[in-house]
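Novice: Residue numbers (our numbering): 4 to 142. Have a look at this one before I ask anything.
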Amino acid sequence: SVIETTSTINTSTWKTYNSSAFGFTAKYPSTWEARESTDGATFALKETPASGLGVFTTNNDLVALTDIVVSTATRTIGANKAITKRYRDKDAAAAGITDMDTILTTVVVGSKSFYLTYRATDPDLKTIEAIIKTVTFTS
């Protein structure tokens, strides 16, 4: 498995992000913030906005064509099947660097694709996984 799928984090008091424009909802902790972009939203601690989880409707530059697929797994998000791949930058792989790996999960709902992405070494992996479990797709 690419990512840990067990979580005991209580999400009942979390904030809810809802976007009819992007076609998904997600819950996230009150210590985190949701930031919209032109093709989705990111969820991250307010102090570290560059980390966290991104949920996008396009796959623009989330991984490079030269990145190496280190592992692949299937999973379910809500009622939707998804494919999760762990990517490693080609140059980082050549240098033996593994702490910059990117996790990219692709979910197809009807005719629309969603891309969930985060760094494999993010310090909040359990929270990210808990957020992923709350994502529902409305498209």
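Ideal placement from N, C-alpha and C gives every residue a C-beta, glycine not left out. Keep in mind the model is a prediction, meaning the values are calculated, not measured.
Between the beta-carbon of F60 and the beta-carbon of G43, is there less than 7 Å?
Specialist: A quick correction: the sequence has Thr, not Phe, at residue 60. Contact: yes.
Novice: Quick check on this structure: which residue in G57, A47, T101 and T109 has the alpha carbon closest to the alpha carbon of T124?
Specialist: T101
Novice: Which full runs of the beta strand (DSSP E) of 3+ residues lie inside the stretch 57-128, going along the chain?
Specialist: 71-80, 83-91, 105-112 and 115-122
Novice: Indicate the three-state DSSP secondary structure (helix, strand or coil) for A53 in the structure shown.
Specialist: coil
Novice: Starting from the C-beta of L56, find all residues in its chain whose C-beta is less than 6 Å away, skip the five residues before and the five after it, and write them out in chain order.
Specialist: Excluding residues within five positions, the ones whose Cβ falls inside 6 Å are F46, Y121, I131 and I134.
Novice: Could you tell me the distance, in whole angstroms, from the CA atom of S40 to the CA atom of A24?
Specialist: Cα to Cα, S40 sits roughly 11 Å from A24.
Novice: Which word fits L107, buried or exposed, when buried means at least 16 other C-beta atoms lie within 10 angstroms of its C-beta?
Specialist: buried
Novice: Between Y31 and L65, is the Cβ-Cβ spacing less than 7 Å?
Specialist: Against a cut-off of 7 Å, the Cβ pair of L65 and Y31 comes out as no contact.
Novice: For T109, which of T137, A67, V58 and M103 has the nearest alpha-carbon?
Specialist: The residue among T137, A67, V58 and M103 with its C-alpha nearest the C-alpha of T109 is V58.
Novice: Quick test of your reading: D92 and A67, contact by CB under 8 Å. State the CB separation rounded to the nearest angstrom.
Specialist: 7 Å
Novice: Can you tell me which of the three DSSP states A133 falls into?
Specialist: Correct three-state label for A133: helix.
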